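Visitor: Numbering (this note's numbering) for the sequence shown: 1288 to 1717.
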Amino acid sequence: MADFKHPETIGLHGSDYRADPTTTAVAVPIYQTTSYQFKNAEHAANLFGLKEFGNIYTRIMNPTVDVLEKRVAALEGGVAACAVGSGQAASAMCIQNLAQAGDNIVASTDLYGGTVNLFKNTLRQQGIEVRFADPADPKNFEKVTDEKTRAYYGETLPNPYLRVFPIKEVSDIGRKKGIPLIIDNTASPVICKPLAHGAAIVMHSLTKYIGGHGTSIGGIIVDGGNFDWIKDRKRQPLLNEPDQSYHGAVWADAVPQLTGANIPFVIRARVVLLRDLGAPLSPFNAFQIIQGLETVALRMKQHCSNAEKVVNFLDGHKKVKKVIYPTNYQGEIRDRAKKYMQGGYGSLIGMDLGTKEAGAKFIDNLKMLYHVANIGDARSLAIHPATTTHSQLTEQEMLAAGVTPGYVRLSIGIEHPDDIVADIKQALAA
Ligand code: PLP
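#1: How is the alpha helix (DSSP H) around LEU1355 delimited, first residue to last?
#2: Straight-line CA distance for VAL1542 to GLY1298?
#3: Is GLY1238 near the ligand PLP, in the sense that its beta carbon is under 7 Å from a heavy atom of that ligand?
#4: Measuring straight from C-alpha to C-alpha, what distance separates ILE1454 and THR1443?
#5: GLY1501: beta carbon under 7 Å from a heavy atom of the ligand PLP?
#6: For ALA1573, I'd like the list of residues in its chain whose CB is within less than 6 Å of its CB, leaving aside the five on either flank, ordered along the chain.
#7: Kindly confirm or deny that the stretch 1550–1559 and the stretch 1511–1520 touch, where touching means at least three C-beta pairs closer than 8 Å.
#8: Whole angstroms are fine: how far does the CA of ASN1593 sit from the CA of GLN1531?
#9: Do SER1378 and GLY1441 have their beta-carbon atoms positioned less than 8 Å apart in this structure?
#10: So, does the stretch 1521–1529 touch the stretch 1594–1608, judging by three or more C-beta pairs under 8 Å?
#11: Going straight from the alpha carbon of ASP1390 to that of ALA1370, what length do you get?
#12: According to the Cβ coordinates, are LYS1643 and ALA1717 closer than 8 Å?
#13: Any heavy atom of the ligand PLP closer than 7 Å to the Cβ of TYR1399?
#14: DSSP beta-bridge partners for SER1492?
#15: Measure the C-alpha to C-alpha separation of HIS1719 and THR1309 and round it to an integer number of angstroms.
#16: Which residue spans inside the stretch 1596–1621 form an unbroken alpha helix (DSSP H) run of at least 4?
#17: Look at ILE1488 and ILE1460 and say whether their C-beta atoms are less than 8 Å apart.
#18: Taking DSSP as the reference, what is the three-state secondary structure of MET1628?
#19: Check for me: the alpha helix (DSSP H) holding ASP1651 runs from which residue to which?
#20: Check whether the Cβ atoms of HIS1491 and TYR1627 sit closer than 8 Å, and answer yes or no.
#21: With respect to the beta strand (DSSP E) encompassing SER1698, which residues constitute its N-terminal and C-terminal limits?
#22: So what's ARG1666 in DSSP terms, helix, strand or just coil?
#23: Determine the burial state of PHE1452: buried for a count of at least 16 other Cβ atoms within 10 Å of its Cβ, exposed for fewer.
#24: For the stretch 1426–1493, which segments carrying the beta strand (DSSP E) assignment without a break, of at least 3 residues, lie completely within its bounds, in sequence order?
#25: Closer than 7 Å by C-beta to GLN1383: which residues in its own chain qualify, once you throw out the five before and the five after it? Chain order, please.
#26: Return the Cβ separation of ALA1367 and ALA1624 in integer angstroms, given the expectation that the two are a contact with Cβ distance under 8 Å.
#27: State the start and end residues of the unbroken alpha helix (DSSP H) segment that holds CYS1637.
#28: Quick one: is the Cβ of ALA1474 within less than 7 Å of any heavy atom of the ligand PLP?
#29: Which ranges would you report for the beta strand (DSSP E) in the stretch 1365–1436 if only whole runs of at least 3 residues count?
#30: Thinking just about the alpha-carbon of each residue, which of LYS1463, LEU1468, TYR1533 and SER1569 is nearest to the one in ASP1519?
#31: Along the chain, where does the alpha helix (DSSP H) that runs through ILE1707 open and close?
#32: Please indicate yes or no: does the CB of ILE1382 lie closer than 7 Å to some heavy atom of the ligand PLP?
#33: How about GLU1442: is its Cβ closer than 7 Å to a heavy atom in the ligand PLP?
#34: Might you give, ordered along the chain, the residues of its own chain that have their beta carbon closer than 6 Å to the beta carbon of THR1674, omitting 5 neighbours on each side?
#35: For the alpha helix (DSSP H) containing LEU1526, list its first residue and its last residue.
#36: Can you check whether the CB of ARG1557 is closer than 8 Å to the CB of ILE1347?
Pasting the structure below:
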């Protein structure tokens, strides 16, 4: 892989892909194929026996997807990645790769709602218990850890609160016990590098900022190659006990021997979970997401600078009760935002308009901002959770989730900031 350091360059050149070897095409081709012809019987046997790596079947690997994986791994400062069909598949597989029935993980209370559903219901039905810890005090993670805890899980920039997660603080607790920290970095690609702060694994919904154009659903898991999986072999049985589905391979030993890299996590995710659960990213979606990745560094600058201009406009506006933004906090929470985010604080803003009616009316009067359940699009977006994503909850449950009746979430896009502010201004006036 070309060794570039700057995200602007990595988006365009951060893999060993230079041009298509057959046609010399510069744009990454869409290898829309299910399968790959083996050179001979020995070659096929070597691929299946993991004696050499190469293409077998698109459920497990694909050359278009491979370029995306290498570039996102480079962008995050990781060693290798595995792309999957959605952000949800990425978070589910991150947990299923370490925890089995009877195990538990400890997750932050500040998480995307879809992740909360997965953790509270579906994983529980599969026998994996998710214990929740308020990240305001990182020691809360330690308090609910026991010998069956296999992972810690947090989100860099979770809405609605937009309090930046204490990455190093929680990862330090976990590393002493052989517990890796998995970070969902969906809301802050480029501007936060969780692996550099001690996270072992980063995942993204590629659907958001990295894809950037609202065309394709995708997810990815990045292995930092920086975690000691054999420090306490009992702590991580799925990587340290013989895997009967691969002739008794012990992934924590076999993968470093085979690849020269400390990436048993991501290799197991691919060769066991993608093989068995089958949630690959399609080559066409990978192609679309690569187009986004090529400009994500540039877009993040515009997203962040536009969001700061909107925050400046909203702060002190007479119809806005409160503006929620990482740097609007005081004390330790603000310090964390400064410590972990570089080059901006993301494009998500919360604003409280006081009442449910005011929130709904604001949304109905927007002319340019789209009213959608999404974030991270190049276009500016808005949603009123009390009448949409959180409408099934009681008012008490909503408040516990940080959603007041008048809360509106904005995901600021890359249009000219004056046009964004003008639309918000007229909708507030209405
Ligand atoms: N993580 C975060 C922070 C998200 O916002 C989302 C989706 O909104 C997901 C994960 C799930 O991603 P996807 O919709 O690609 O499955």
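Glycine included, C-beta positions come from ideal geometry on N, C-alpha and C. This one's a predicted model, so the numbers in the text were calculated from it and none came from an experiment.
Guide: Per the coordinate set shown:
#1: 1350–1362
#2: 27 Å
#3: Residue numbering for the chain in the displayed model covers 1288 to 1717; residue 1238 lies beyond these limits and cannot be assessed.
#4: 8 Å
#5: no
#6: THR1351, VAL1352 and LEU1355
#7: Yes, they touch.
#8: Using only the alpha carbons, I get a separation of about 53 Å.
#9: no
#10: no
#11: 25 Å
#12: With contacts defined by Cβ atoms closer than 8 Å, LYS1643 and ALA1717 do not form a contacting pair.
#13: yes
#14: GLY1506
#15: It is not possible to answer for residue 1719, since the shown part of the chain is limited to 1288 through 1717.
#16: none
#17: no
#18: coil
#19: 1643–1652
#20: no
#21: 1694–1698
#22: coil
#23: buried
#24: 1436–1442, 1468–1471 and 1488–1492
#25: LEU1560
#26: That pair is no contact at about 29 Å.
#27: As written in the sequence, residue 1637 is Gly, which differs from the Cys given in the question. Not the alpha helix (DSSP H): GLY1637 falls in the beta strand (DSSP E), residues 1635–1639.
#28: yes
#29: 1367–1371, 1391–1395 and 1416–1420
#30: LYS1463
#31: 1704–1716
#32: no
#33: Yes, Cβ of GLU1442 sits closer than 7 Å to a heavy atom of the ligand PLP.
#34: ALA1647
#35: 1524–1527
#36: yes
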